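Data first, discussion second: the structure below is written as structure tokens.
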Amino acid sequence: VAAACRDDTGRGRAAEAEAEFSTVLKADGTDQAAALFSLGDSQFAAKDFGLAEESYGRVATEFPDHELADDAAYSQCLSLEKLGRLDDGLKKTGEFLTKHTKSPHVAAIQFLQGEFHYRKGDYPTAITNYQKVAETQGDLQDDALYKLGWAQRLSDKPAEAVKTFERRSAEI
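Residue numbers (our numbering): 116 to 287.
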């Protein structure tokens, strides 16, 4: 049923998918965490980030030991970013880094934390977040170097910014 709901949403029938998910959530024996997570995915795809944030948040808090808990917490943080809720995003990314230290999303959350600080104009703290991600060899390293350079530039550290941008250019 969850797959059918995702298919409905993909065709632009988000309201029908949500009604179907409500039925699934009430059914006995249903993996409610997986159903809620899928509902969050449907809401996110429909750009209803407020409802997606709520659905993902419920998975993260009501099912903290579920295999999808860290994915839900990560997706909740992404939803908060889309909503522009910077303070809430900083709180949730901080909680994520405390609770999910082994998650594959740690670098992405550190980058997202940098984004929240950057958007608030707290460039020195954003620099710290971007530096952590820039030291990884992951997919976000290039983006982290780019944002690190800009945060350094906006923090009146032009010499550091130049070095960062040169490093980024050398690694591309």
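All C-beta atoms, glycine included, are put in the ideal place defined by N, C-alpha and C.
Source: prediction; values computed, not measured.
If you draw a straight line from the alpha carbon of residue i to that of residue j, how long is it in whole angstroms?
i    : j    : result
D257 : A241 : 15 Å
L212 : G229 : 13 Å
Q225 : P239 : 14 Å
D180 : F159 : 23 Å
L195 : A285 : 34 Å
D146 : S270 : 48 Å
S170 : A259 : 29 Å
K272 : T243 : 14 Å
G248 : A187 : Residue 248 is actually Val in this sequence, not Gly. Cα to Cα, V248 sits roughly 21 Å from A187.
Could you say which of the options lies nearest to residue i if we only look at CA atoms?
i    : options                   : result
K197 : A184, L166 and D271       : L166
E250 : D203, R283 and E169       : R283
D163 : P179, A184, A175 and Q191 : Q191
F231 : Q158, S218 and Y245       : Y245
K217 : K278, D185, D271 and T176 : D185
L201 : Y238, A276, V277 and R234 : R234
Q252 : A222, P273 and V277       : A222
F280 : D254, S270, Y261 and A266 : Y261
K206 : P219, L227 and H220       : L227
G209 : G199, P219 and Y189       : Y189
L255 : P219, K272 and R268       : P219
Is it buried or exposed, residue i, if we count other Cβ atoms within 10 angstroms and call 16 or more buried?
i    : result
G155 : buried
I287 : exposed
G236 : exposed
E177 : exposed
A117 : Note on A117: pLDDT 47, under 50, position unreliable in the model; the coordinate value appears next. Its Cβ being crowded by 16 or more others within 10 Å, A117 is buried.
E168 : buried
A266 : buried
A119 : Low confidence applies to A119: its pLDDT is 46, below 50, so where it sits in the model is not reliable, and the reading given next is rough at best. When all chains shown are included, A119 counts as exposed.
G204 : buried
For the putative contact between residue i and residue j, defined by C-beta atoms under 8 Å, what is the C-beta separation to the nearest angstrom?
i    : j    : result
R173 : L151 : 5 Å
A148 : L183 : 6 Å
G264 : A274 : About 11 Å separates the two Cβ atoms, so there is no contact after all.
Specify, as a first and last residue, the run of the alpha helix (DSSP H) that residue i falls within.
i    : result
G172 : F164 to E177
S270 : That residue, S270, is in no alpha helix (DSSP H); it is neither H nor E in DSSP.
T240 : Y238 to A249
A149 : Q147 to A160
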